[in-house]
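Novice: Residue numbers (my numbering): 93 to 813.
Just so you know, even glycine gets a beta-carbon here, dropped at the ideal spot from N, CA and C.
Before I ask anything, let me first share the structure, which is written out below as structure tokens.
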Amino acid sequence: MNLSEITDGLNDKQNQSVTLDDTQNALILAGAGSGKTRVLTHRIAYLVTQKNRHIDAILAVTFTNKAAKEMRERLEMLLRRPIRSMWVGTFHGLAHRLLRAHPLEANLSTQFQILDQQDQFRIVKRLMKENQIDESKYPVRKIQWFINQQKDEGIRPGDIDAGYNYFVKQSIKVFELYEVHCKANELIDFAELLVRSYELLKNNAELLAHYQNRFEHILVDEFQDTNTIQYKWIKLLSSGKNQIFCVGDDDQSIYGWRGAKIENIQKLESDFHPIQTIRLEQNYRSTGNILGASNALIANNSNRLGKSLWTDSGNGDLIDIYEARTETDEADYVVSAIQKYIDDGASASECAILYRSNAQSRGFEERLIKYNIPYVIYGGLRFFERAEIKDALCYLRLIESTADNVAFERVVNFPTRGIGNATIEKVREFSRDNHTTLFQAAIEISPSLPTRASNALIGFTQLIEQMCDDAKHLELSEKVAHLIKASGLIEHYSNDKTDKAGSKKANLEELIAAAKQYAHDQDSDMSEVVGFISLASLDSSGDTNAPINQNVQLMTIHSAKGLEFPNVFLTGMEEDLFPSRQSKDEPHLMDEERRLCYVGMTRAMKKLSLSFAIKRFLHGQSLYAYPSRFLDEIPSEYTNSVKQKFGATMQNYQEDDIFNQDIEPEGQGRLSIGVTVRHAKFGFGTVLNFEGDGDSARIQIKFKSAGTKWLISSYANLEYV
């Protein structure tokens, strides 16, 4: 492959990044829509074809399975050959691969299973119940979050100093019980994958040296989203002999609430010195006005590494800003604008409605239904998280290993076969007392149970044993098809009257297709079944569902990261909602809220609308609100104030006392109590009162940052938003 084939079509900064000397560490600050995936894949192609690096000497880390798959596909097209042996994947996927290759060194069984979030919750809940820990005082979700948070920091129960905090003491107790349970049942949760693989390398100098020498080049995508243990993992693998190539954007660091540390990308320069920083600032997604507004917004953040996005595709439309009187008015505006967009010949799938909180979606859904516009809530259950899929996979896990207690508990009485909770508890007790698996306990305890329970339990264990025998010589997809039928799952879901669309049955059929398409790595230490099960478990750990064609997309701004749409509506731009109330007195949280707004704005390709409501019914109460400070940080040269023009919604306003006045005196145009205005010096504010009329009118305005002021109309030069 010629160098020109790799660099063709790259801009100057992309070309500089791709062809950087192979002995140089690099931080590529890649702005939104700047082509970072292309830079990563072409950099790998450059190393392989121009620097003669073997594909096995490269470690490429992504943050989602979708990104990993896309990178593999692009690389195979570029290199014109398969790259199955290359280590490319998510942090969790690569940690899993490492543990499967060295289970004994990691103090693991070769049969260990990955525990997803739902099953982890169930185990924590049962451990708390068995140990009389009151859920009302110590919520299971909080305890689960505590455990995962400690692991994300690389901390074990014995390393935590609870001091006088009784909640932390109880959390440590559950953490310890949970670790004992996982060890006894050969279970690894998502957070444990990383901390265990880190400990494996840290505590085994020979193994660490092997991987440090093997991976001459380490490339990491979305570096701003790394947490503590992920940063330690990368730093440990970096010996000083190999090279680090990190791609990220500190302006898009929006996952602090789940452990991501923006400091990681900020301290790369000191930890991996010397390192060259290259800024990808040319944007291929958005118009000039969208980028200008986004640049101005994010410039208000502190401690940025700094960059300014630009495009050569023109300024495009101004950003619409709409002041709604209520959330109902806001929904009417958004959906009416979408309807007009569709009427003009565009597709509904080009439109996205973004919001800070899921609680905001209801009003938009109601209006979309009213106007008969198809929509979908993006970011729902992933395929492998669906109940029917987990049921089928647990049967597959159980016929692969009857020692899988988590799988046993899920399917022992599903579909229903007359095995009640009392019987299952007796099986658990026998298992604990005799240090055996639940399956073996079920076999041994069956004769001592009442006839009905005994027959039901014997029927289940014999069913599993028969399925094991039947599946021995079947291909993977045939095994899946067989167990779905033999277990009674397909019959159960075919008769499920709540599943009128037949989607659950269709999903089971799709699982068979997925098994057929699964390409097992023949060099792997895992069996084909374990490989497929592991793929399913890891696939449910990060990605969200793909957008659906011909539907308006509704989603939180967090879910929108990595996506783009021609027409974006960023809604709920109000103080205490966006930015959230929790961020008000915490500068670092306010910075993250602003980064979140920046991410939302830069999803838009051609058209962007920002909206806020003066009054919003949310979380069971009606509240008056001020426009978000983020609106005030966008220069007016990039915006267009949309006039209220939806007469059909005016009846809603009459319900609000604040608007039940004769509030438009002669000569005052839009001046009215409750209206939002913008002042050149004081920014956004809300009209509380006014006296007189015309140019001599005195107007009382409450500004967000400047407080309440009386201004003379003729001197104020107010802009009515």
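For E222, count neighbouring Cβ atoms within 10 angstroms of its own Cβ and tell me buried if that reaches 16, exposed if not.
Specialist: That one is exposed.
Novice: Going by DSSP, what residue range makes up the alpha helix (DSSP H) through H184?
Specialist: Counting along the chain, the alpha helix (DSSP H) containing H184 begins and ends at F183 to A193.
Novice: F657 and S703 - do their beta-carbons sit closer together than 8 Å?
Specialist: Contact: no.
Novice: Between the alpha carbons of D617 and A416, how many angstroms are there, rounded?
Specialist: Each residue's Cα considered, the two are about 59 Å apart.
Novice: List the endpoints of the continuous alpha helix (DSSP H) containing T543.
Specialist: From DSSP, the alpha helix (DSSP H) with T543 extends over T543 to A563.
Novice: Per the contact definition of three or more C-beta pairs closer than 8 Å, is the stretch 205 to 221 in contact with the stretch 271 to 283?
Specialist: Touching, yes, given that three or more Cβ pairs across the two stretches are closer than 8 Å.
Novice: To the nearest angstrom, how far is it from the Cα of V691 to the Cα of V644?
Specialist: Taking the straight line from one Cα to the other gives about 19 Å.
Novice: Report the partner residues of H309 according to the DSSP bridge assignment.
Specialist: Answer is I150 and Q335, bridged to H309.
Novice: Hey, how far is the Cα of Y83 from the Cα of T111?
Specialist: Because residue 83 is not part of the residues shown, which for the chain are 93 to 813, the question remains open.
Novice: Assign W349 to buried or exposed, taking buried as 16 or more other Cβ atoms, counted over all protein chains shown, within 10 Å of its Cβ.
Specialist: Label assigned to W349: exposed.
Novice: Which residues does DSSP list as the beta-bridge partners of E197?
Specialist: The partner list for E197 (beta bridge, DSSP) is empty, contrary to what the question assumes.
Novice: Can you tell me whether N356 is buried or exposed, with buried defined as 16 or more other CB within 10 angstroms of its CB?
Specialist: Buried is the call here.
Novice: Is it true that the stretch 109 to 125 meets the stretch 361 to 370, where meeting means three or more beta-carbon pairs spaced less than 8 Å apart?
Specialist: Touching, per the Cβ criterion.
Novice: Applying the criterion that 16 or more other CB atoms from any shown protein chain within 10 Å of the CB defines a buried residue, is Y585 buried or exposed?
Specialist: With 16 or more other Cβ atoms within 10 Å, it is buried.
Novice: Which residues in the same chain have their Cβ closer than 6 Å to the Cβ of G664, if we skip the five residues on either side of it in sequence?
Specialist: Here the set comprises Y447, R448, Q452 and F670.
Novice: Buried or exposed: where does I461 fall if 16 or more other Cβ atoms within 10 Å of its Cβ makes it buried?
Specialist: Result: exposed.
Novice: Is the distance from the Cβ of L89 to the Cβ of I175 below 8 Å?
Specialist: In the structure as shown, the chain begins at 93 and stops at 813. Residue 89 is therefore absent and cannot be evaluated.
Novice: Give a yes or no on whether the C-beta atoms belonging to Q382 and A705 are separated by under 8 Å.
Specialist: Before going further, note that residue 382 is Ile rather than Gln in the sequence given. Going by C-beta atoms, I382 is not nearer than 8 Å to A705.
Novice: Out of E442, I765 and K796, which has the shortest C-alpha to C-alpha gap to R790?
Specialist: Checking every option, the nearest Cα to that of R790 belongs to I765.
Novice: So, with DSSP's three-state summary, where would you put R145?
Specialist: Note: R145 maps to coil in three-state DSSP.
Novice: Helix, strand or coil for D253 per DSSP?
Specialist: Three-state result, D253: coil.
Novice: Could you give the distance in angstroms between the alpha-carbon of I370 and the alpha-carbon of L600?
Specialist: If I take the Cα positions, the gap works out to 47 Å.
Novice: Between which two residues does the beta strand (DSSP E) carrying F704 extend?
Specialist: First-last of the beta strand (DSSP E) with F704: A696 to L710.
Novice: Starting from the C-beta of S378, find all residues in its chain whose C-beta is less than 7 Å away, skip the five residues before and the five after it, and write them out in chain order.
Specialist: Excluding positions up to five away in sequence, the list reads G125, T403, T694, A696 and M697.
Novice: Going straight from the alpha carbon of C689 to that of D668, what length do you get?
Specialist: Rounded to the nearest angstrom, the two C-alpha atoms are 14 Å apart.
Novice: Please specify which runs of the alpha helix (DSSP H), each continuous and at least 4 residues long, are wholly inside the stretch 357 to 404, giving them in chain order.
Specialist: Correct list: 360 to 363 and 380 to 390.
Novice: Is it buried or exposed for L311, if we count other Cβ within 10 angstroms and need 16 for buried?
Specialist: Buried, by the Cβ-count rule.
Novice: Does the beta-carbon of D342, which I'm using as the reference point, lie nearer than 7 Å to any heavy atom of the ligand FMN?
Specialist: In the structure shown, the ligand FMN is absent, as is every other ligand, since no ligand is present at all.
Novice: I'd like the span of the alpha helix (DSSP H) that includes Y807, first residue to last.
Specialist: Note, Y807: alpha helix (DSSP H), S805 to A808.
Novice: Are the beta-carbon atoms of G123 and K399 separated by less than 8 Å?
Specialist: Contact flag set, yes.
Novice: Taking 6 Å as the limit between beta carbons, can you name the residues of its chain near L681, skipping five residues before and five after?
Specialist: Counting only Cβ-Cβ distances below 6 Å, and skipping sequence neighbours, we find S675.
Novice: Using 10 angstroms around the beta-carbon of Y716, count the other beta-carbons present and answer buried if the total reaches 16, otherwise exposed.
Specialist: Y716 comes out exposed.
Novice: Does the separation of the CB atoms of R306 and A149 fall below 8 Å?
Specialist: Contact: yes.
Novice: Would you call the stretch 467 to 481 in contact with the stretch 550 to 566, where contact means no fewer than 3 C-beta pairs closer than 8 Å?
Specialist: No, the stretch 467 to 481 is not in contact with the stretch 550 to 566.
Novice: R417 lies in the alpha helix (DSSP H); which residues open and close that run?
Specialist: Looking at the DSSP string, R417 is not in any alpha helix (DSSP H); the run it does join, the beta strand (DSSP E), is I411 to T418.
Novice: Tell me the DSSP secondary structure of L655 in three-state form.
Specialist: In the structure shown, L655 sits in coil (DSSP, three-state: anything other than H, G, I, E or B).
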